[in-house]
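J.: Mind looking over this structure? Questions follow.
In this note's numbering, the protein residues as written are 93 to 127.
Structure, rendered in structure tokens:
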């Protein structure tokens, strides 16, 4: 699909990295803050 992925050694690190990247994106930040 061309979607960039990163495989972490443990699931918690994967969640933390994904959440951090989502919060850096202005579009996703607005969605996450309203939830």
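Note that CB positions come from ideal geometry on N, CA and C, so glycine has one too.
1) Taking the alpha helix (DSSP H) that residue 111 falls in, what are its first and last residues?
2) On the premise that residue 106 lies in contact with residue 100, defined as a C-beta separation below 8 Å, what is that separation, rounded to the nearest angstrom?
3) Distance, Cα to Cα, residue 108 vs residue 122?
T.: Per the coordinate set shown:
1) Taking the chain shown and counting its residues from 1, one reaches residue 111 at position 19. 103-116 is the span of the alpha helix (DSSP H), which, as asked, contains residue 111.
2) By one-based count along the chain shown, residue 100 stands at place 8. By one-based count along the chain shown, residue 106 stands at place 14. Cβ-Cβ separation between residue 100 and residue 106: approximately 4 Å, consistent with a contact (criterion under 8 Å).
3) Numbered from 1 along the chain shown, position 16 holds the residue referred to as residue 108. Numbered from 1 along the chain shown, position 30 holds the residue referred to as residue 122. In a straight line, the C-alpha of residue 108 is about 18 Å away from that of residue 122.
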